Amino acid sequence: MSGDLRLTNVTKSFGPFTAVDDLTLTVPQGAFFALLGASGCGKTTTLRMVAGLEEPSAGQVTLGGTDITRLRPYQRPVNTVFQSYALFPHLSITENVAFGLRRKGVKNVAPQVEQMLSLVQLDDFGGRRPHQLSGGQQQRVALARALINHPQVLLLDEPLGALDLKLRRQMQIELKRIQTEVGITFVHVTHDQEEAMTMADTVAVMNDGRIEQLGAPAEIYEFPATPFVANFLGQSNLLAGTGGLARSGDDLSITAHGSRFTVPAARSRATGDKIYLGVRPEKLHLVTSEADVPSGFQHLTGTVTDSSYVGVSTQYLVRTAWDTELSVFAPNSGLGGSLPPGAEVTVAWNPAHAFLLDRLDGAGDATHALVEERA
Amino acid sequence: MRRHWVLVTGLLVLLYLFLPIFVVAALSFNEPSSRLSYDFHRFTLDNWANPCGPGDMCDAVGRSIEIALLATLIATVLGTLMAFALARHRFRGRDATNLLIFMPMATPEVVMGSSLLALFVAGGVSLGFWTVVVAHVMFCVSFVVVTVKARLAGLDPRLEEAAMDLYAGEWQTFYRITLPLVAPGIVAAALLSFSLSFDDFIITNFNSGTTVTFPMYVWGAAQRGIPPQVNVIGTAMFLIAVLIVVAGEIINRRRAA
Ligand SMILES: Nc1ncnc2c1ncn2[C@@H]1O[C@H](COP(=O)(O)OP(=O)(O)O)[C@@H](O)[C@H]1O
Ligand SMILES: [Mg+2]
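Chains as they are written, first to last, in the working numbering: chain A, 1 to 375; chain B, 1001 to 1257.
Written as structure tokens, this is what we have:
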């Protein structure tokens, strides 16, 4: 549409190393778009190509239909909030914020600077130098310095990465509020899945220079497209299926570890016959006997090996007959009692909450986060 | 107890460093008993009231200042440009240049001075004011390059990228962001050049012909007894240097505040 940002087959190589690999994506005008991925997967490089700080080795970047691939950074209606803020240390906060307007030849910058500083709640800080502000305040100056130019697209490179957890949550809400207020397209890079999900309308999960999945947060979470996504965005229990799929009406059935499980056909992304059956830990319910399994639910049996109480829920590990440990999150709603390690349990789930994915040949069950360290 | 020793040691080191300067300052108020005597004879303000007393001395001082200013200007401009080229651009011979730039600093001055003399003589250049300037530029450039390059290396490239991202073209980015941030390095380099040039004796002595600089004047005068006014010039130079350092510190504090 009119102001969409579009990357078409964009590749960036540094010597023999490919940082961004044939990336194609569209960011609709006015969207809050999150680029989520582990450190080193090419997020910053992607942003830099949009900002004009890095030239793509191949492919095209367009903004509102105009090709901007070869434009210099100062020729693009795009501004960046850098990972390290990059505030000018020799200029006051006011001059930092006014910098873009002055370069564009705006004569009277004072009213706009004042308005912008009050938007980020730094009204009385204009006369200070960057190093006299705290991390959170510097972050807001960086945001004000970019926003004041009313760019068509604002690029944010892990802007909250250096803040402590409490301030981070506060700034997430703040950022979201400002984005709604100004209506500018935000492309927000982060390695924090919770941040991406709470803030963005659309999340693109990146891995190794490629987009693994793109969609609304709930859509990606409820129906991940790849094993990587299933375990990067939250956790999943992935059971390796044997043999192919059998179809009966609207359902597919798959054999895993000797039992048959069914999944609605609409919940399958499997294309071959190497398949994973996936269920999120909170979609699994623990009951004491097979008689208690709700009708229409699938189930299997196991033994509780570990439990950890985390306040809102209790996280159990349940060992199956074939020695795979499933994660189960049980809400601490006061309805069920807690289960001691060693208890024999039945694990049940609604087939509509399961999903089928392609599995790499030879890959076994995957039942905990593939990416343990996200930082 | 340990803090005590640190303090005492520090004071002793400072005393060691500043004792010669105290002597020079004291002697600038001395009225020597004879030309060749260096002991404190009688307090006087005559030397300060009449610093240009001994013939030719002030001429030599003026010439040294002139040479130092010229050499500083040329070396600072050339050296800064070189530092930018070395820090920012990849070109053939960059590593070799990086190495060669240290040569004038590492080579003994006697060797530099004499080989430069050989070059001038072979080239039929007559020795004098300008050969001294050329010689001084040569060794000052190295110090400028090293100082400015260090400052550039500490400059976060994101700052320049941020400026460009905020609609500053290459030239605007250079003089609004890069130059102000590198300026302290350039100023330091210029001050260093000035003082290196002002007090150089060995290289100057080889290449000056009949031109007499202040260090050469002092050297010559030492044979016949150094006039006490030399101490006046020495003390004045020291005070100016202190003043510049203090001013620099104040400006730094202001910038930081
Ligand atoms: N200028 C560069 N030269 C060489 N390799 C680079 C350069 N910039 C980034 N890379 C490499 O590209 C990969 C992706 O980097 P980056 O986009 O910064 O990742 P992210 O922001 O997702 O952490 C990394 O492996 C990094 O080492
Ligand atoms: Mg990054």
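All C-beta atoms in this analysis are idealised placements derived from N, C-alpha and C, irrespective of residue type, glycine included.
This structure is a prediction, so every number in the text was calculated from the model and none was measured.
Curious, which full-length alpha helix (DSSP H) runs of at least 4 residues does the segment 125-202 of chain A contain? 135-147, 165-182, 193-199
Less than 8 angstroms between C-beta atoms, sequence neighbours within five positions excluded: which residues of the same chain meet that for residue 1098(B)? The residue you call residue 1098(B) lines up with position 98 of the second sequence. The residues are 1086.
Below 8 angstroms, how does it come out for the segment 173-182 of chain A and the segment 92-100 of chain A: are there three or more Cβ pairs, yes or no? The segment 173-182 of chain A vs the segment 92-100 of chain A: no contact.
Using DSSP bridges, identify the partner residues of residue 315(A). In the first sequence, counting from the first residue as 1, residue 315(A) sits at position 315. Bridge partners of residue 315(A): 308(A), 329(A).
Taking the straight line between their C-alpha atoms, what separation do you get for residue 347(A) and residue 303(A)? Your numbering for residue 347(A) matches position 347 in the first sequence. Your numbering for residue 303(A) matches position 303 in the first sequence. When rounded, the distance between both Cα atoms is 10 angstroms.
Have a look at residue 1045(B) and residue 1032(B) and give me their C-alpha separation to the nearest angstrom. Taking the second sequence and counting its residues from 1, the one referred to as residue 1045(B) is at position 45. Taking the second sequence and counting its residues from 1, the one referred to as residue 1032(B) is at position 32. Distance between the alpha carbons of residue 1045(B) and residue 1032(B) is about 12 angstroms.
Using the C-alpha atoms, what's the distance from residue 1079(B) back to residue 63(A)? Translated into positions along the first sequence, residue 63(A) becomes position 63. Translated into positions along the second sequence, residue 1079(B) becomes position 79. Each residue's Cα considered, the two are about 43 angstroms apart.
Got a sec? Which residues, its chain only, sit under 6 angstroms from residue 1232(B) by beta carbon, not counting five neighbours each side? Residue 1232(B) sits at position 232 when you count from the first residue of the second sequence. 1028, 1047, 1048, 1051.
So, under 8 angstroms CB-CB, residue 24(A) and residue 8(A) are touching, yes? Tell me the CB distance rounded to an integer number of Å. What you label residue 24(A) is simply residue 24 of the first sequence in a count that begins at 1. What you label residue 8(A) is simply residue 8 of the first sequence in a count that begins at 1. Going by Cβ atoms, the distance from residue 24(A) to residue 8(A) rounds to 6 angstroms, so yes, they are a contact pair.
Start-end ranges of the alpha helix (DSSP H) lying completely within the segment 198-278 of chain A, minimum 4 residues: 217-222, 227-232
Give the residues of chain B in contact with residue 14(A), contact being defined as C-beta atoms less than 9 angstroms apart. Along the first sequence, one-based indexing puts residue 14(A) at 14. Correct list: empty, because the minimum Cβ distance to chain B is about 14 angstroms.
Flag residue 1164(B) as yes if its beta-carbon sits less than 7 angstroms from any beta-carbon of chain A, otherwise no. To locate residue 1164(B), count along the second sequence from 1; it is residue 164. Closer than 7 angstroms: yes.
May I ask you to report which of helix, strand or coil DSSP gives residue 322(A)? If you number the first sequence from 1, residue 322(A) lands on position 322. Residue 322(A) falls in the coil class under three-state DSSP.
Considering Cα atoms alone, identify which of 129(A), 128(A), 116(A) is closest to residue 149(A). Residue mapping note: residue 149(A) aligns to position 149 of the first sequence, counting from 1. Selected option, being the one with the closest Cα: 116(A).
Please report the Cβ distance between residue 241(A) and residue 254(A), rounded to the nearest whole angstrom; I am assuming they are in contact, meaning their Cβ atoms lie under 8 angstroms. In the first sequence, residue 241(A) corresponds to position 241, counting from 1. In the first sequence, residue 254(A) corresponds to position 254, counting from 1. Indeed, because the Cβ distance is near 4 angstroms, the residues count as touching under 8 angstroms.
Residues of the segment 69-90 of chain A whose Cβ lies closer than 9 angstroms to any Cβ of chain B, in chain order: 72, 73, 74, 75, 76, 78, 79, 80, 82, 83, 84, 85, 86, 87, 88, 89, 90
Any chance the CB of residue 44(A) is under 6 angstroms from a heavy atom of ligand 2? On the first sequence, residue 44(A) is found 44 positions in, with the first residue counted as 1. Checking every heavy atom of ligand 2 against the Cβ of residue 44(A), one is found closer than 6 angstroms.
Buried versus exposed, by CB contacts within 10 Å (16 or more), residue 100(A): Here residue 100(A) refers to the residue found at position 100 of the first sequence. By the 10 Å Cβ count, residue 100(A) comes out buried.
Can you have a look at residue 373(A) and say buried or exposed, based on whether 16 or more other CB atoms are within 10 angstroms of its CB? Mapped onto the first sequence, residue 373(A) falls at position 373. Unreliable positioning characterises residue 373(A) in this predicted model, as indicated by a pLDDT of 34, which lies under 50. A coordinate reading is not provided.
Express the C-alpha separation of residue 1165(B) and residue 79(A) in angstroms, rounding to a whole number. The sequence position of residue 79(A) within the first sequence is 79, counting from 1. The sequence position of residue 1165(B) within the second sequence is 165, counting from 1. When rounded, the distance between both Cα atoms is 6 angstroms.
So, with DSSP's three-state summary, where would you put residue 96(A)? For this step, residue 96(A) is matched to residue 96 along the first sequence. Correct three-state label for residue 96(A): helix.
Any heavy atom of ligand 1 inside 6 angstroms of the beta-carbon of residue 40(A)? Within the first sequence, numbered from 1, the residue matching residue 40(A) stands at position 40. The answer is yes for residue 40(A).
Three-state secondary structure assigned by DSSP to residue 1089(B): As a first step, residue 1089(B) must be located in the second sequence, where it is residue number 89. Correct three-state label for residue 1089(B): coil.
Please report the straight-line C-alpha distance between residue 112(A) and residue 1066(B), rounded to a whole angstrom. The residue labelled residue 112(A) in the question sits at position 112 within the first sequence. The residue labelled residue 1066(B) in the question sits at position 66 within the second sequence. Roughly 50 angstroms separates the two Cα atoms.
Assuming contact is defined by CB atoms lying nearer than 7 angstroms, are residue 261(A) and residue 277(A) in contact in what I supplied? Along the first sequence, read from residue 1 onward, the residue named residue 261(A) stands at position 261. Along the first sequence, read from residue 1 onward, the residue named residue 277(A) stands at position 277. Taking 7 angstroms as the Cβ cut-off, residue 261(A) and residue 277(A) qualify as a contacting pair.
When we look at the beta-carbon of residue 1217(B) and count the other beta-carbons within 10 Å, is it buried (16 or more) or exposed? If you number the second sequence from 1, residue 1217(B) lands on position 217. Label assigned to residue 1217(B): buried.
Whether residue 1149(B) touches residue 1190(B) by CB criterion (7 angstroms): For the purposes of this step, residue 1149(B) is identified with residue 149 of the second sequence, where counting begins at 1. For the purposes of this step, residue 1190(B) is identified with residue 190 of the second sequence, where counting begins at 1. Not in contact: residue 1149(B) and residue 1190(B) (Cβ atoms no closer than 7 angstroms).
Would you say residue 1168(B) and residue 129(A) are within 7 angstroms of each other, going by their C-beta atoms? For the purposes of this step, residue 1168(B) is taken as residue 168 along the second sequence, with counting starting at 1. For the purposes of this step, residue 129(A) is taken as residue 129 along the first sequence, with counting starting at 1. Residue 1168(B) is not a Cβ neighbour of residue 129(A), given a cutoff of 7 angstroms.
Any beta carbon from chain B within less than 7 angstroms of residue 364(A)'s own beta carbon? As a position in the first sequence, residue 364(A) is number 364, starting the count at 1. Judged by the 7 angstroms Cβ criterion, residue 364(A) is not in contact with chain B.
Residue interval of the beta strand (DSSP E) (run including residue 33(A)): By one-based count along the first sequence, residue 33(A) stands at place 33. Its beta strand (DSSP E) spans residues 32-37.
Residue 1168(B) CB to nearest chain A CB: under 7 angstroms? Numbered from 1 along the second sequence, position 168 holds the residue referred to as residue 1168(B). Taking Cβ atoms only, chain A reaches closer than 7 angstroms to residue 1168(B), which makes this a yes.
Pull up the distance between the alpha-carbon of residue 1060(B) and that of residue 1038(B), whole angstroms please. Within the second sequence, residue 1060(B) is the residue found at index 60, counting from 1. Within the second sequence, residue 1038(B) is the residue found at index 38, counting from 1. Residue 1060(B) and residue 1038(B): Cα-Cα distance of roughly 22 angstroms.
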